[in-house]
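These notes are about the structure you will find just below.
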Amino acid sequence: MTGIRGTGKPVRVGVVGFGYWGPNLVRNLDRLDDADLVVVCDMSEANLAKFKAVYPDVPVTKDLGVMLADFALDAIVVATSAPSHHGIAKRVIEAGLHCYVEKPLTLESAHAEELVRLADEKGVVLQVGHLMEYHTAVNWIRDHIAAGELGDVLYLYAQRLNLGKVRTEENAFWSLAPHDVSIVLYLLGEAPDYVSATGAAYINEGVQDTVFANLHFPSGKVANIHVSWLDPHKVRKFTIVGTRKMLVFDDMEATEKIWIYDRGVGAPGQAMAFGEDLTLRFGEIVAPYMKMSEPLSMEVQHFLDCCATGATPRSDGRDGLRVVRVLEAVDESMAAGGAPVNTVVGV
Ligand SMILES: NC(=O)c1ccc[n+]([C@@H]2O[C@H](COP(=O)([O-])OP(=O)(O)OC[C@H]3O[C@@H](n4cnc5c(N)ncnc54)[C@H](O)[C@@H]3O)[C@@H](O)[C@H]2O)c1
Numbered sequence: 000m001t002g003i004r005g006t007g008k009p010v011r012v013g014v015v016g017f018g019y020w021g022p023n024l025v026r027n028l029d030r031l032d033d034a035d036l037v038v039v040c041d042m043s044e045a046n047l048a049k050f051k052a053v054y055p056d057v058p059v060t061k062d063l064g065v066m067l068a069d070f071a072l073d074a075i076v077v078a079t080s081a082p083s084h085h086g087i088a089k090r091v092i093e094a095g096l097h098c099y100v101e102k103p104l105t106l107e108s109a110h111a112e113e114l115v116r117l118a119d120e121k122g123v124v125l126q127v128g129h130l131m132e133y134h135t136a137v138n139w140i141r142d143h144i145a146a147g148e149l150g151d152v153l154y155l156y157a158q159r160l161n162l163g164k165v166r167t168e169e170n171a172f173w174s175l176a177p178h179d180v181s182i183v184l185y186l187l188g189e190a191p192d193y194v195s196a197t198g199a200a201y202i203n204e205g206v207q208d209t210v211f212a213n214l215h216f217p218s219g220k221v222a223n224i225h226v227s228w229l230d231p232h233k234v235r236k237f238t239i240v241g242t243r244k245m246l247v248f249d250d251m252e253a254t255e256k257i258w259i260y261d262r263g264v265g266a267p268g269q270a271m272a273f274g275e276d277l278t279l280r281f282g283e284i285v286a287p288y289m290k291m292s293e294p295l296s297m298e299v300q301h302f303l304d305c306c307a308t309g310a311t312p313r314s315d316g317r318d319g320l321r322v323v324r325v326l327e328a329v330d331e332s333m334a335a336g337g338a339p340v341n342t343v344v345g346v
């Protein structure tokens with residue numbers, strides 16, 4: 000279906016925030032037929048000038064109020080820095096407009112919950128920029144798991160490591176892990192019931208440079224997420240261990256991102272008596288071919304489709320809330336010396 004609410008007309012979209020990431024969203028909105036990029040808002044003159052240099056015909060404003068009042072918009076995309084997400088998204092949703100918010104949805108789960116309830120009340124679409132849920136490889140893995148190819152998933156772990164970029168306003172988990180948390184929840188299709196985490200701050204007091212977070216799920220599955228900006232390796236890798244096979248997703252690889260290992264313990268379905276020698280299976284290793292699409296383009300198109308149909312986005316406000324709750328609970332657990340912290344959300 001194209002066009003807003005079946006009218007055949009493109010979705011009239013405004014973008015708030017034209018800093019580092021906003022230009023990527025603008026580029027996609029500009030080239031997709033289902034969007035009409037109507038106005039861009041940024042409080043920085045310099046960034047508005049950069050926008051004007053590329054899109055001279057699209058109006059700009061420094062005032063969100065003007066954007067909301069004067070342009071008969073259907074939807075607003077929020078790509079400002081995270082502390083401003085809650086306040087801006089709240090005004091957008093209260094104005095009855097569909098809203099896309101970059102990750103993380105908010106900095107507090109109570110604020111995310113408020114936005115979810117408000118969007119429900121107003122009947123508008125709330126989508127969060129969990130980009131990796133639109134990544135071809137991630138969706139291939141999700142389908143592969145659903146088809147039972149790995150057997151039952153037992154556990155998984157994610158590593159996102161590098162040297163730099165060191166931040167002072169947020170710790171390494173808030174900076175690096177939102178995508179990993181969203182991938183883990185998306186792949187497992189469930190939300191964790193509690194987390195426990197350990198981290199350490201070496202460079203700036205109170206700002207963890209490295210974090211090891213354990214997520215526990217109601218099904219009994221466990222996931223570990225290790226992030227660091229103080230590490231000799233550049234790694235962005237997922238390892239998933241199933242009862243039949245094991246899968247590695249290496250996002251640093253240009254083409255062969257997924258490797259499937261036919262490895263495990265014992266033959267499938269074989270019951271082993273206590274004390275009997277374990278049979279280890281070392282089968283073939285396969286790297287499946289897949290044609291990659293730009294995740295951001297898929298994500299933006301998905302938002303436009305949801306605006307047109309009223310469908311609930313894949314990465315909706317509730318997904319955003321669950322991710323924020325995990326990020327928040329990891330901080331709470333680190334502050335409590337690694338104690339388990341409940342992550343069940345209220346909506
Ligand atoms: N999906 C991804 O992979 C990805 C990658 C990078 C950044 N991001 C997200 O995108 C968002 C923006 O990050 P960034 O790196 O572009 O930040 P940035 O600081 O470079 O840009 C933010 C822009 O928003 C403007 N702004 C801030 N508050 C405003 C307000 N109240 N009204 C109008 N303009 C305002 C600033 O002037 C600036 O131009 C963040 O939520 C970040 O997490 C997502």
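Note that numbering that gives the first Met the number 0 has the sequence shown beginning at 0, numbered continuously upward.
No residue lacks a Cβ here, since even glycine has one placed at the ideal position from N, Cα and C.
Open item on the list: Looking at ligand 1, does it come within less than 6 Å of Y19, judged from the CB to the closest heavy atom?
Closed with: The sequence position of residue 19 within the sequence shown is 20, counting from 1. Correct: Y19 has its Cβ closer than 6 Å to ligand 1.
TODO: Flag this pair as yes or no: are the beta carbons of N46 and V299 separated by less than 7 Å?
DONE: Taking the first residue of the sequence shown as 1, we reach residue 46 at position 47. Taking the first residue of the sequence shown as 1, we reach residue 299 at position 300. No; because the gap between Cβ atoms is not below 7 Å, this pair is not in contact.
Task: DSSP-derived helix/strand/coil call for M0 - done: Numbered from its first residue, the sequence shown carries residue 0 at position 1. Residue placement at M0 cannot be trusted, given a pLDDT of 43 that sits under 50; what the coordinates show is reported in the next sentence. Three-state DSSP puts M0 in coil, outside helix and strand.
TODO: Counting only the same chain and skipping the five closest in sequence on each side, list residues whose C-beta sits under 7 Å from that of A71.
DONE: Within the sequence shown, residue 71 is the residue found at index 72, counting from 1. Cβ neighbours of A71 beyond the five flanking positions: R11.
Open item on the list: Distance check for L106 and E168, CA to CA, integer angstroms please.
Closed with: Start at 1 with the first residue of the sequence shown, and residue 168 comes out as number 169. Start at 1 with the first residue of the sequence shown, and residue 106 comes out as number 107. When rounded, the distance between both Cα atoms is 12 Å.
Open item on the list: Can you find the residues in the same chain that come closer than 6 Å, C-beta to C-beta, to V100, ignoring five residues on each side of it along the sequence?
Closed with: By one-based count along the sequence shown, residue 100 stands at place 101. Closer than 6 Å at the Cβ level, and outside the excluded window around V100, lie V77, H84, A88, V127.
Open item on the list: Considering only their Cβ atoms, is the gap separating G13 from Q75 smaller than 7 Å?
Closed with: Numbered from 1 along the sequence shown, position 76 holds the residue referred to as residue 75. Numbered from 1 along the sequence shown, position 14 holds the residue referred to as residue 13. For the record, residue 75 in the displayed sequence is Ile; it is not Gln. Contact flag set, yes.
Open item on the list: Let me check understanding here. Comparing Cα to Cα, which of W20, T308, V226 lies closest to L162?
Closed with: If you number the sequence shown from 1, residue 162 lands on position 163. Nearest C-alpha to L162: V226.
Open item on the list: Quick check: the Cα distance between M0 and T278, rounded to an integer number of angstroms?
Closed with: Working through the sequence shown from its first residue, we reach residue 0 at position 1. Working through the sequence shown from its first residue, we reach residue 278 at position 279. Legend: pLDDT at M0 = 43, less than 50; position of this residue unreliable, value from coordinates given subsequently. One C-alpha to the other measures close to 53 Å.
- [ ] Could you name the residues of the same chain whose beta carbon sits closer than 8 Å to that of R280, not counting the 5 residues immediately before and after it, in chain order?
- [x] Within the sequence shown, the letter at position 281 stands for residue 280. If we look at R280 and ignore the five residues flanking it on each side, its Cβ neighbours are D261, R262, G263, V264, G265, A266.
Task: Test: A34 CB closer than 7 Å to a CB of chain D - done: Of the chains in the structure shown, none is chain D; there is only one protein chain.
Open item on the list: Given this structure, state the Cα-to-Cα distance separating D119 from I239, to the nearest angstrom.
Closed with: Position 120 of the sequence shown, counted from the start, is the residue given in the question as residue 119. Position 240 of the sequence shown, counted from the start, is the residue given in the question as residue 239. Cα-Cα distance, rounded: 35 Å.
Task: Closest Cα partner of L320 within the set G345, L303, V340 - done: Walking along the sequence shown from the start, residue 320 turns up at place 321. Minimum Cα distance to L320 is reached at G345.
TODO: State the start and end residues of the unbroken beta strand (DSSP E) segment that holds A94.
DONE: Residue 94 sits at position 95 when you count from the first residue of the sequence shown. A94 -> no beta strand (DSSP E), and no H or E assigned at all.
Open item on the list: Please tell me whether, using a cut-off of 6 Å, the distance from the CB of G16 to the nearest non-hydrogen atom of ligand 1 is below it.
Closed with: Taking the first residue of the sequence shown as 1, we reach residue 16 at position 17. Because some heavy atom of ligand 1 lies under 6 Å away, the Cβ of G16 counts as near it: yes.
- [ ] Compute the beta-carbon to beta-carbon distance between A222 and V183, rounded to the nearest angstrom, for a pair I have assumed lies under 8 Å.
- [x] As a working note, residue 222 is residue 223 in the sequence shown. As a working note, residue 183 is residue 184 in the sequence shown. About 5 Å separates the Cβ atoms of A222 and V183, confirming a contact at the 8 Å cut-off.
Task: Run of the alpha helix (DSSP H) containing W139, from where it starts to where it stops - done: Within the sequence shown, the letter at position 140 stands for residue 139. W139 -> alpha helix (DSSP H) spans 135-145.
TODO: Could you check the C-alpha separation between V38 and E255 for me, to the nearest Å?
DONE: Here residue 38 refers to the residue found at position 39 of the sequence shown. Here residue 255 refers to the residue found at position 256 of the sequence shown. Distance from the CA of V38 to the CA of E255, rounded to the nearest whole angstrom, comes to 40 Å.
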